[in-house]
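Input: a single structure, listed below in C-alpha cells.
Numbering (full-length UniProt numbering), first residue to last: 1 to 453.
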C-alpha cells in the first residue's frame, strides 16, 4: 500500500535529513535556552546525564505522521509517499518524478543516516537520482533491523519507508513558536542563522535572536508575521511567503494543542520557495481528551517496555544506569533525589515520579516495576506529602513489601500530610524498613545499605 502525502524533510548534504520526531514532554531536557528570557542554559544534573539518550517520549509519532500534521495546516513541505513493501516504494519513486529522491527508513530513533541494517545495508537515509534504485534499497530496509546510536543494540525493525522529493536549500533560518511563562502565553522566536544549534546562536550572537509575543486573543498579526519574516532575512516576494508560513505554523500550534513547534531550518530554495525542511512538535498531554486523532497515532512499538507499563499507571519513569531505585513524588524532588544519591557516592537506577493524586495501587505497581529491574540493589522512597497523603504511600509500601517479598534494602523518608499516621503504619508493620529523618539521611543510608552487601 502506498499512502500519498505531501510534507517536508530535513537537510542531508544541504538537501535532506532527519525530520526530528515530535516528542511530548521529554521528562529530562538538557537545555531550554529558548524559553522565558532566552537565557543561557544550565547543564543537566550529573546524575541524570545518562537519561539524555533515552528520554521518555509521551507521544511517539513517525516522521511521515508528523509531516502530515504540518501539511494539513497548509505548511509548505516536500512531496512524499509512504510504502511498506519494495514494489510500492519503487512505484512511489517513479510517481514523484523528482530530480532527486530521498529514501528514509521510518523508525523513532535519530541517527538513521549513519545507522546500519542487519541486511548489511549502511545508512537508513539514501539519496539517489535514479528511481529504479529505490526498490532495491527498500528491499534491504523493510523487514530488517536498523541500529543507530539511539536504538537498542539489536536495532529496531523497519516496517515502513518514506520516499520523498529532495530539494536544494540556498539559505536556512530558524523559527519556533513556544509557550513562555514570562509572557503568560505563546511567543515567536526566530533567527536568520538556521540549520545549526540555536543555543550557540543565542550565546555568541544574541542580537540575531528575535522574539515576538503573541496575544492569545488576536493571534499572530500580519505586521508581526511580516516583521519576523524580515528579521529572518527573507526579501521581496519571499518575505510575504514566509509571513504566510509563520501564520500557518501558528494555526498548527493551536490546532494540535502544541507546547512547541520548532522549525530548523525554515529555508528557501533556488526556485524561490519557503519550505519547512525540519521540525519538532511537542504536544500537551493534558489535551489528549480533545486530540484523540493525534494521540491515536502514538506508536508505542519502539518504546521501552518498562516505561510503557509505567505509563499505564500514570507513573513517569526513566531507566538509568545505577543500582539505587528512586521512588519519589514530583519531578523536581525526583531529580534532587537522584543528585543527592550521586553526591554521596551512589548511582540512581531510575527516575520515577508518582505525581500528585497517588493511589495505593499505583504505589504497589511502582514497586513491581522497581523490583523487576535486576540492577536494583536498594530502594529509596522520598515523599513530600502536599497533595499526597503519606498514609496512602505507607499502606502501599507495606502491601508491596509483603506481596512481592522484597529482598533488597528499603529506605523511606516521608514528610507532610498525615506523616505521623504513615510512620506508625511502617513502624508497626514488622517489615525491615529503614526510616530516614531527611533526604540527606535517606541517601546516606541507601548508599550504605549497598556497601554492606
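The beta-carbon is built from N, C-alpha and C at its ideal position, and this holds for glycine as well.
- Burial is judged here by how many other beta carbons sit within 10 angstroms of a residue's own beta carbon; residue 398 has at least 16 and is buried.
- Within its own chain, the residues whose Cβ lies closer than 7 angstroms to the Cβ of residue 288, once the five positions on either side in sequence are excluded, are 295, listed in chain order.
- Of the residues 285, 265, 268, the one whose Cα lies closest to the Cα of residue 256 is 285.
- Out of 409, 149, 160, the CA that lies nearest to the CA of residue 137 is found in 160.
- Partner residues in a beta bridge of residue 289, as assigned by DSSP, do not exist.
- In this structure, DSSP gives residue 405 a state outside helix and strand, which the three-state scheme calls coil.
- Within the segment 322-357, the runs of beta strand (DSSP E) at least 3 residues long that lie entirely inside it are, in chain order, 324-328, 350-353.
- The beta carbon of residue 258 is closer than 8 angstroms to those of 177, 252, 281, 282, 283, 284 in its chain, skipping five residues each way along the sequence.
- Here residue 400 is buried, its C-beta having at least 16 other C-beta atoms within 10 Å.
- Just so you know, the alpha carbons of residue 105 and residue 141 end up roughly 7 angstroms apart.
- Scanning the segment 204-241 for uninterrupted beta strand (DSSP E) segments of 3 residues or longer gives 210-213, listed from N- to C-terminal end.
- DSSP places residue 179 in the strand class (E or B) of the three-state scheme.
- Within the same chain, no Cβ atom closer than 6 angstroms to the Cβ of residue 304 is found once the five residues on either side in sequence are excluded.
- Shown here for residue 244: not one same chain residue has a beta carbon closer than 7 angstroms to its own, the five before and five after excluded.
- With contacts defined by Cβ atoms closer than 8 angstroms, residue 325 and residue 349 form a contacting pair.
- Counting C-beta atoms within 10 angstroms of its own C-beta, residue 264 has 16 or more neighbours from the protein chains shown and is therefore classed as buried.
- About 30 angstroms separates the beta carbons of residue 277 and residue 318, which is beyond the 8 angstroms limit, so they are not a contact pair.
- In the structure shown, the three-state DSSP call for residue 260 is strand.
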